[in-house]
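31 is the number of the first residue of the sequence shown in my numbering; add one for each residue after it.
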Amino acid sequence: MLFFCNADDSHRFSRAAMKRANKPVWSTVSVSEVEALYELFKKISSSVIDDGLINKEEFQLALFKNSKKENLFADRVFDLFDVKRKGVIDFGDFVRSLSVFHPNAPQEDKIDFAFKLYDLQCTGYIEREEVKQMLIALLCESEMKLADEVIETILDKTFQEADGDKDGRIDRDEWQQFVSHNPSLMKIMTLPYLKDITTTFPSFVFNSEVDDIAT
Numbered sequence: 031m032l033f034f035c036n037a038d039d040s041h042r043f044s045r046a047a048m049k050r051a052n053k054p055v056w057s058t059v060s061v062s063e064v065e066a067l068y069e070l071f072k073k074i075s076s077s078v079i080d081d082g083l084i085n086k087e088e089f090q091l092a093l094f095k096n097s098k099k100e101n102l103f104a105d106r107v108f109d110l111f112d113v114k115r116k117g118v119i120d121f122g123d124f125v126r127s128l129s130v131f132h133p134n135a136p137q138e139d140k141i142d143f144a145f146k147l148y149d150l151q152c153t154g155y156i157e158r159e160e161v162k163q164m165l166i167a168l169l170c171e172s173e174m175k176l177a178d179e180v181i182e183t184i185l186d187k188t189f190q191e192a193d194g195d196k197d198g199r200i201d202r203d204e205w206q207q208f209v210s211h212n213p214s215l216m217k218i219m220t221l222p223y224l225k226d227i228t229t230t231f232p233s234f235v236f237n238s239e240v241d242d243i244a245t
């Protein structure tokens with residue numbers, strides 16, 4: 031169901047922005063949540079350049095509290111939010127992508143987003159090196175450090191369990207099976223306070239938890 035709000039000129043997100051997003055989003059996100067997300071969007075999109083769009087520097091500053099530190103995880107999340115591949119995120123892309131992290135979003139959507147997160151080369155498969163790169167980035171973002179041999183052990187265990195046909199890569203079906211047996215991997219795909227959000231939006235920080243991966 032599509033929701034349209036009566037809004038003044040400062041709330042231009044309503045009809046135009048909603049039409050730019052996929053319809054399923056609006057069965058997950060409520061009117062008050064859209065209003066709050068628009069306020070957040072305005073704040074983020076004007077933090078460096080006030081142009082109504084979120085660039086990578088603004089995105090990293092808002093979601094990761096650091097606009098300068100290079101991080102593969104941050105870059106990858108930005109790339110997935112940048113649906114139109116223009117190097118910036120408009121409001122429709124912002125809500126459509128962020129809705130995947132809503133507690134009410136379908137688990138299938140979360141699993142698919144997580145798969146794309148690790149599929150760095152967009153081949154439709156997750157390679158061992160891609161998992162290694164992402165794991166190191168997640169550890170870095172969480173300010174954790176593991177010895178190289180521990181990381182390799184995690185990779186060995188992951189592919190032993192996830193790579194069903196033992197071809198050295200994980201396809202979508204294998205990923206879905208792996209996640210179903212390891213639900214803790216999906217913790218980063220839910221932001222609980224999105225469920226009851228109000229126009230007073232809390233400080234938004236993307237939590238890249240890796241405690242369960244590292245144990």
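C-beta atoms are modelled at their ideal positions from N, C-alpha and C, and glycine is treated no differently. As the structure is a computational prediction, the values presented were derived from the model and not from experiment.
query	result
Those residues which DSSP pairs with Ile84 across a bridge	Ile119
Presumed contact (8 Å Cβ cut-off) between Phe208 and Glu182, rounded CB distance	Contact flag wrong, Cβ pair sits at about 18 Å.
C-alpha distance - Val78 paired with Lys72, whole-angstrom precision	11 Å
Buried versus exposed call for Asp81 [16 or more other C-beta atoms within 10 Å across all chains shown]	exposed
Opposing strand residues paired with Arg199 [DSSP bridges]	Glu157
Simplified DSSP assignment, three categories, for Lys73	helix
Validate contact between the region 98-114 and the region 142-153 using beta carbons, cut 8 Å, 3 pairs	yes
Straight-line Cα distance separating Glu179 from Gly122	43 Å
Limits of the alpha helix (DSSP H) - the one that Phe131 falls within	Premise fails: Phe131 is in no alpha helix (DSSP H) and is neither H nor E.
Residue from Leu67, Ser76, Ala66 and Phe131 whose Cα sits closest to the Cα of Ile218	Phe131
Length of the line joining the Cα atoms of Met164 and Leu102	7 Å
Where Asn134 falls, given that 16 or more other Cβ within 10 Å makes a residue buried	exposed
Rounded distance between the beta-carbons of Arg199 and Ile141, thought under 8 Å	Wrong, their Cβ atoms sit about 17 Å apart, outside the cutoff.
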